[in-house]
Structure formats: structure tokens, C-alpha cells
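S.K.: Going by our numbering, the sequence shown opens with residue 3, and the numbers climb by one from there.
Below is one structure. I have some questions about it.
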Amino acid sequence: MPLLEIKDLHVALDDGAEIVKGIDLTVESGEVHAIMGPNGSGKSTLAHALMGHPAYTITSGEVLLDGSSLLKLAPDERAQKGLFLAFQYPYAIPGVTVTSFLRSAMNALRKARTGGEDDPIPIPEFRKELAAATEKLKVPRELLGRYLNDGFSGGEKKRIEILQLALLRPRLAVLDETDSGLDIDALKTIAGGVSDLVGPEMSAIVITHYQRILNYIRPDFVHVFAGGRFVAEGGPELAEQLESEGYDAYLPEASNGAR
Ligand code: ADP
Ligand code: MG
């Protein structure tokens with residue numbers, strides 16, 4: 003059974019505008035899928051809808067994780083089932099430090115996994131895991147004591163998203179333009195960290211505008227997303243082709259020639 007199955011998914015905004023217009027996607031465990039497309043094509047809308055963001059309404063279609071539907075589940079329940087979204091624009095939570103946020107998130111997942119019993123991670127174990135992950139992802143330790151994303155640079159926010167990913171160990175990680183805001187060294191570190199986590203225990207959907215991050219997280223499949231649909235699908239070579247040729251051929255205005 004596939005890890006994730008998306009069937010003919012349609013997503014609309016509150017005002018009724020349809021942004022995602024029928025997507026099919028199957029992700030097996032251990033696979034990396036890249037979703038590439040021009041700005042405004044609906045990539046983040048798709049990611050938010052998968053996670054259950056209330057601003058995005060699934061008007062038809064189905065999303066199955068391990069064969070059971072996610073659609074009636076709240077975002078925290080989806081997270082408990084192993085779904086994780088690294089936001090393109092991470093939220094700030096003034097008043098909550100990065101460290102306490104991470105510990106709360108880990109404890110919430112542990113509680114769900116024990117069927118609702120509190121099972122907080124022992125502090126020494128938490129410190130050890132946090133220290134290992136911050137070192138690996140080269141997260142400045144100074145960030146850990148600050149309020150979550152409050153005044154963080156774009157790159158710092160992206161590092162914290164991936165730090166969460168490393169600690170929460172989801173089964174399916176959706177990375178929404180994690181590469182934007184990262185300089186080349188940071189990209190190498192962060193993408194390399196994600197790549198190390200990919201395997202039988204974690205699959206990934208890497209949403210990106212550029213091919214660059216895919217040098218470090220090698221995709222098994224590349225899907226070109228334009229105008230709310232997949233307009234082309236292939237292997238890693240498709241990403242390289244997009245890098246040299248751009249998206250013009252796939253824009254809706256050019257659709258008669260491109261498909
Ligand atoms: P991408 O991530 O591919 O750049 P988005 O999914 O962010 O595209 O946006 C697709 C379209 O939906 C854009 O026209 C955007 O303005 C619109 N949109 C997305 N989210 C919202 C929202 N919460 N409110 C209003 N419009 C939105
Ligand atoms: Mg986006």
C-alpha cells in the first residue's frame with residue numbers, strides 16, 4: 003500500500019476560487035517527489051490543503067495515508083499520523099522559545115503515540131537529541147533561546163523548520179520552498195540533513211521553484227505544476243530541463259503547445 007495517495011484533488015479558497023484543479027499523486031515509502039512550478043501556480047495551496055489548513059477547502063477528491071482518509075482530520079491529527087509541513091513562510095510565536103516549542107511538539111506526538119497518556123521526553127534525552135540536530139544542521143545555538151521565528155531572518159526560519167523535521171521524524175515531509183532564503187552553504191547543510199533522513203522511514207515531497215535543492219535531495223520523480231495541475235511528469239532530468247528552459251512552455255496560456 004502506498005504511503006500517500008492523492009486522488010483527483012481539487013482545492014478552493016474561501017471566496018470559491020479553485021486553485022488546485024485535479025491532482026493525482028502516489029508516494030511510496032522512501033520516495034522523494036519534487037513538485038516544481040512557477041510562482042502563483044498553487045503549490046503552497048496544495049501543501050496547506052494536505053496539512054488541513056482551514057483557509058483551503060478541499061472541494062473534491064481524496065487524500066489517503068496508509069489507505070485511510072486524512073480529510074476529516076485536524077492538522078494536529080494529521081501530524082500524529084506522520085505528516086509534516088515545512089512552511090514557505092513559517093509563523094512566528096512571540097512568547098514561546100524555540101526550545102520549548104520543540105519540546106512541546108515532541109511531547110504532543112509522544113502523547114498521541116501512547117494513545118493519549120502523557121509520556122514527556124526526559125529532559126536529558128531531549129537535550130541530547132536537540133544538541134545533535136542543531137550541530138548537524140548548523141543551527142546557531144543562540145536561536146534556541148529566542149522566541150520562535152520572532153525577528154528571524156528568512157534563512158534562520160528555514161533552519162528551524164528543518165530542525166523540527168529532524169526532531170519530529172515524520173513519515174512524510176512536505177518541504178515548501180525550503181530553499182528560498184538560504185544561501186548556498188546553508189542550502190547544502192539543510193538539504194543534506196533532509197536527504198539523510200529520507201529512507202524507508204521517511205518520504206519527502208520537495209516543492210521548489212528552482213532545481214538547485216534537488217542536487218542535494220535527489221528526487222525519484224519530478225512533477226511540473228502549472229495552473230493548478232500537473233502538466234508534465236518525469237525523472238530528475240526533467241528538473242534539469244526546467245532549469246535551462248524555464249516554465250514558459252508549461253504556462254496555461256501556452257497549454258495547447260505544451261501538452
Ligand atoms: P505558489 O505556492 O505556487 O506560488 P500559492 O498556492 O501560494 O502559489 O498561490 C496560488 C494562488 O492562490 C495565488 O493567486 C494566491 O494569491 C492565491 N492564494 C493562496 N492562498 C491564499 C489565501 N490564503 N488567500 C487569498 N489568496 C490566496
Ligand atoms: Mg508557494
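Note that beta-carbon positions come from the ideal geometry of N, C-alpha and C, so glycine has one too.
Using 8 Å for Cβ pairs, my map puts Gly63 next to Asp17. What's the rounded Cβ distance?
M.R.: Numbered from its first residue, the sequence shown carries residue 63 at position 61. Numbered from its first residue, the sequence shown carries residue 17 at position 15. Not really, about 20 Å apart at Cβ, beyond 8 Å.
S.K.: Would you report the Cα separation of Gly259 and Gln82, rounded to the nearest angstrom?
M.R.: Counted from its first residue, the sequence shown places residue 259 at position 257. Counted from its first residue, the sequence shown places residue 82 at position 80. At Gly259, the pLDDT of 42 sits below 50, so the modelled position is not reliable; the number obtained from the coordinates is stated separately. Straight-line Cα distance between these residues: approximately 44 Å.
S.K.: Using DSSP with H/G/I as helix, E/B as strand and the rest coil, what is His12?
M.R.: Within the sequence shown, residue 12 is the residue found at index 10, counting from 1. The answer is strand: DSSP assigns His12 an E or B state.
S.K.: Using 8 Å as the cut-off, can you tell me whether the stretch 47-58 makes contact with the stretch 18-29, which would need three or more C-beta pairs spanning the two stretches below that distance?
M.R.: Flag = yes, the stretch 47-58 and the stretch 18-29 touch.
S.K.: Kindly provide the chain-ordered list of residues whose Cβ lies closer than 6 Å to any non-hydrogen atom of the ligand ADP.
M.R.: Going along the chain, the residues that qualify are Leu15, Ile21, Gly39, Asn41, Gly42, Ser43, Gly44, Lys45, Ser46, Thr47 and Ala57.
S.K.: Starting from Pro96, trace the beta strand (DSSP E) in both directions and tell me its first and last residue.
M.R.: As a first step, residue 96 must be located in the sequence shown, where it is residue number 94. Segment Ile95 to Thr99, the beta strand (DSSP E) holding Pro96.
S.K.: Pull up the DSSP beta-bridge partners for Glu235, would you.
M.R.: The residue labelled residue 235 in the question sits at position 233 within the sequence shown. DSSP lists His225 as partners of Glu235.
S.K.: From the DSSP output, which residues share a beta bridge with Leu85?
M.R.: Position 83 of the sequence shown, counted from the start, is the residue given in the question as residue 85. DSSP lists Leu174 as partners of Leu85.
S.K.: So, for Leu286: in the same chain, excluding its five sequence neighbours on each side, which residues have a beta-carbon less than 7 Å away from its beta-carbon?
M.R.: This structure gives no information on residue 286, because the portion of the chain shown stretches from 3 to 261.
S.K.: What's the call for Ser46, buried or exposed, on a 16-neighbour Cβ count within 10 Å?
M.R.: In the sequence shown, residue 46 corresponds to position 44, counting from 1. Ser46 is buried by the Cβ-count criterion.
S.K.: When we look at the beta-carbon of Leu174 and count the other beta-carbons within 10 Å, is it buried (16 or more) or exposed?
M.R.: To locate residue 174, count along the sequence shown from 1; it is residue 172. It counts as buried.
S.K.: In the DSSP assignment, the alpha helix (DSSP H) including Met53 goes from what residue to what residue?
M.R.: As a working note, residue 53 is residue 51 in the sequence shown. Unbroken alpha helix (DSSP H) run through Met53: Lys45 to Met53.
S.K.: For Phe86, collect the residues of the same chain with a Cβ closer than 8 Å to its Cβ; drop the 5 residues on either side in sequence, then sort them by chain order.
M.R.: Within the sequence shown, the letter at position 84 stands for residue 86. Answer for Phe86: Gln166, Leu167, Leu170, Pro172, Leu174, Ala175 and Val176, listed in chain order.
S.K.: Here's a check: name, in chain order, each residue in its chain whose Cβ is nearer than 6 Å to the Cβ of Leu72, leaving out the five neighbours to either side.
M.R.: Position 70 of the sequence shown holds residue 72. Within the same chain, Leu72 has close Cβ partners Val65 and Arg80.
S.K.: Out of Gly44, Leu146, Gly194 and Asp187, point me to the one whose CA is closest to Val13's CA.
M.R.: The residue given as residue 13 occupies position 11 in the sequence shown. Per the Cα distances, Gly44.
S.K.: Quick one: using the 10 Å Cβ neighbour count with 16 as the cut-off for buried, is Pro124 buried or exposed?
M.R.: Position 122 of the sequence shown holds residue 124. Result: exposed.
S.K.: Ordered along the chain, which non-local residues of its own chain (more than five positions away) have a Cβ less than 7 Å from that of Ile164?
M.R.: To locate residue 164, count along the sequence shown from 1; it is residue 162. Result list for Ile164: Ala88, Leu139, Thr180, Ile192, Gly195 and Val196, in chain order.
S.K.: Here's the rule I'm using: 16 or more other beta-carbon atoms within 10 Å means buried, otherwise exposed. How should Asp187 be labelled?
M.R.: Taking the first residue of the sequence shown as position 1, residue 187 is located at position 185. Under this definition Asp187 is an exposed residue.
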